[in-house]
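Engineer: So the number in the numbering used here is just where the residue sits in the sequence shown, counting from 1, plus 32.
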Amino acid sequence: MTPTKRSSNSILCILTVLLLFLTGCRQVERIAEQQDLPLKAWNRDLYHSEGIQVYATSASAAREVAQKAEDAADAFLAKTGEEPRKILFIAVSASDPVDQDLMNAGLQGLSRISGKPIPDLEESMQKEAQRKGTKGIEENEAVLRSMLGMIPGILEAPPSRPNNLWKDAVVIPTSSRINVAIDDIILFFLERENVSTLKRVLLTPVVAIAKSYIGTILESVQEAIILGVHAQGREGWTQDRVEQLIKETLEESGFEQLGEDITNRTRNIRDSDSEESHDSEINPE
């Protein structure tokens, strides 16, 4: 091999490594030949990523969800000492249309993991909405779709699947899907409360904190749902034990700190706004 050709090969290797680094370093391949699973399901293509199978509309969505799946499997092994099972995943990104099955997957997942019927969950969610002053949000279809679009869910895997693949498929919204949904929900509350442009500017730090924490919490919810699917149906795993695993995972999300930070920031902005109004009354221009 000539020095020039050797140099060209070296450059190609470096470029390949750099490209893998920039795209997340995770290998993703769209399956072209059908084996056990159908090539298309839920209007998505089947992707394979280092041992994890994902139905997605793009390689980037498949890559993100496959990484979350791997992280959750590692967490299950670390928390329980038991080997995680093979699970099929469905990625939902910001530009994806969401059909009714995917809309219902969130409630189905909560029901499957908690052991509670869906009507009981819906009633509980409505009571919680009323208690927290968000009554009426269920009447806004766009906001309701945004909320349901953020929740990880569970659907039945295709009947034609490998013997070692679990019967439940897990629906995971991507970070882009979650960001769009959070923006829609925040806009709904700002408009409902007739928040002025000035106050919206003042609330920007609070909104930023809320989005950051909500994103963290939803990541924990995703992990908790995946861990619950890994745990369910195992020998020695009662419903109480599954729920305890989910509870411990959710407690690691920092939900209480979210409330404290938002409350403190809101109080500071309100106090500052009151002081400015008081000063303007004493010293009018």
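No residue lacks a Cβ here, since even glycine has one placed at the ideal position from N, Cα and C.
#1: Using a Cβ-Cβ cutoff of less than 6 angstroms, which residues in the same chain neighbour K243 once the five nearest sequence positions on both sides are dropped?
#2: According to DSSP, is V86 helix, strand or coil?
#3: Would you say the stretch 100-108 touches the stretch 73-80, given that touching needs at least three Cβ pairs under 8 angstroms?
#4: Could you tell me which residues DSSP pairs with L78 in its beta bridges?
#5: What's the gap between the Cα of A98 and the Cα of L219?
#6: Which partner residues of E61 appear in the DSSP bridge assignment?
#7: Taking 8 angstroms as the threshold (C-beta atoms), are S178 and I217 in contact?
#8: Would you mind giving the Cβ-Cβ distance between V202 and I257, rounded to the nearest angstrom? I have them listed as a contact below 8 angstroms.
#9: For K148, which three-state DSSP category applies?
#10: Considering only DSSP beta bridges, list what L197 is partnered with.
#11: Examine the Cβ distances between the stretch 118-128 and the stretch 82-94 and report whether three or more of them are shorter than 8 angstroms.
#12: Residues in its own chain within less than 6 angstroms of E96 by CB, not counting five upstream and five downstream?
#13: Roughly how many whole angstroms lie between the Cα atoms of I249 and L282?
#14: If L180 and G138 are in contact, beta carbons under 8 angstroms, what's the gap, nearest whole angstrom?
#15: Beta-carbon within less than 8 angstroms of R38's beta-carbon, same chain only, minus the 5 sequence neighbours each way: which residues are those?
#16: Quick one: what does DSSP say E188 is sitting in, helix, strand or coil?
#17: Taking the continuous alpha helix (DSSP H) assigned at D216, which residues delimit it?
#18: Is the number of C-beta pairs between the stretch 128-135 and the stretch 230-243 that are closer than 8 angstroms three or more?
#19: In angstroms, rounded to a whole number, what distance separates the CA positions of D272 and K279?
#20: Check the DSSP bridge columns for V203 and list the partner residues they point to.
#21: Quick one: Cα of E267 to Cα of L176, how far?
#22: Is the beta carbon of A91 less than 8 angstroms from the beta carbon of R62?
Structural biologist: In short:
#1: The sequence position of residue 243 within the sequence shown is 211, counting from 1. I214.
#2: By 1-based counting over the sequence shown, the position of residue 86 is 54. In this structure, V86 counts as strand in the three-state DSSP scheme.
#3: No, they do not touch.
#4: Indexing the sequence shown from 1 puts residue 78 at position 46. Paired residue(s): Y87.
#5: In the sequence shown, residue 98 corresponds to position 66, counting from 1. In the sequence shown, residue 219 corresponds to position 187, counting from 1. Cα to Cα, A98 sits roughly 31 angstroms from L219.
#6: As a first step, residue 61 is located in the sequence shown; it is residue number 29 there, counting from the start. According to DSSP, E61 bridges with H80.
#7: As a working mapping, residue 217 is identified with position 185 in the sequence shown. As a working mapping, residue 178 is identified with position 146 in the sequence shown. Against a cut-off of 8 angstroms, the Cβ pair of S178 and I217 comes out as a contact.
#8: As a working mapping, residue 202 is identified with position 170 in the sequence shown. As a working mapping, residue 257 is identified with position 225 in the sequence shown. Indeed they touch by this definition, with Cβ atoms about 6 angstroms apart.
#9: Counting from one through the sequence shown, the residue named residue 148 turns up at place 116. Coil, per DSSP.
#10: For the purposes of this step, residue 197 is identified with residue 165 of the sequence shown, where counting begins at 1. Answer by DSSP bridge pairing, in chain order: K118.
#11: Yes, the stretch 118-128 touches the stretch 82-94.
#12: Residue mapping note: residue 96 aligns to position 64 of the sequence shown, counting from 1. Non-local C-beta neighbours of E96 in its own chain, meaning closer than 6 angstroms and more than five positions away in sequence, comprise T206, ordered along the chain.
#13: In the sequence shown, counting from the first residue as 1, residue 249 sits at position 217. In the sequence shown, counting from the first residue as 1, residue 282 sits at position 250. Each residue's alpha carbon lies about 7 angstroms from the other.
#14: Residue numbering aside, residue 180 sits at position 148 when the sequence shown is read from its first letter. Residue numbering aside, residue 138 sits at position 106 when the sequence shown is read from its first letter. Confirmed, about 5 angstroms.
#15: In the sequence shown, residue 38 corresponds to position 6, counting from 1. Summary for R38: the model assigns pLDDT 48, below 50, so the residue's position carries little reliability; its value from the coordinates is reported in the next sentence. None.
#16: On the sequence shown, residue 188 is found 156 positions in, with the first residue counted as 1. Under the three-state reduction of DSSP output, E188 falls in the strand class.
#17: The count along the sequence shown starts at 1 and reaches residue 216 at position 184. Unbroken alpha helix (DSSP H) run through D216: 207-224.
#18: Because the criterion of three Cβ pairs below 8 angstroms is not met, the stretch 128-135 and the stretch 230-243 do not touch.
#19: Locating residue 272 in the sequence shown gives position 240, counting from the first residue. Locating residue 279 in the sequence shown gives position 247, counting from the first residue. Taking the straight line joining both Cα atoms gives about 10 angstroms.
#20: Mapped onto the sequence shown, residue 203 falls at position 171. In DSSP, V203 forms a bridge with I122, G185.
#21: Residue 267 sits at position 235 when you count from the first residue of the sequence shown. Residue 176 sits at position 144 when you count from the first residue of the sequence shown. Approximately 37 angstroms, taken between the alpha carbons.
#22: For the purposes of this step, residue 91 is identified with residue 59 of the sequence shown, where counting begins at 1. For the purposes of this step, residue 62 is identified with residue 30 of the sequence shown, where counting begins at 1. Contact flag set, yes.
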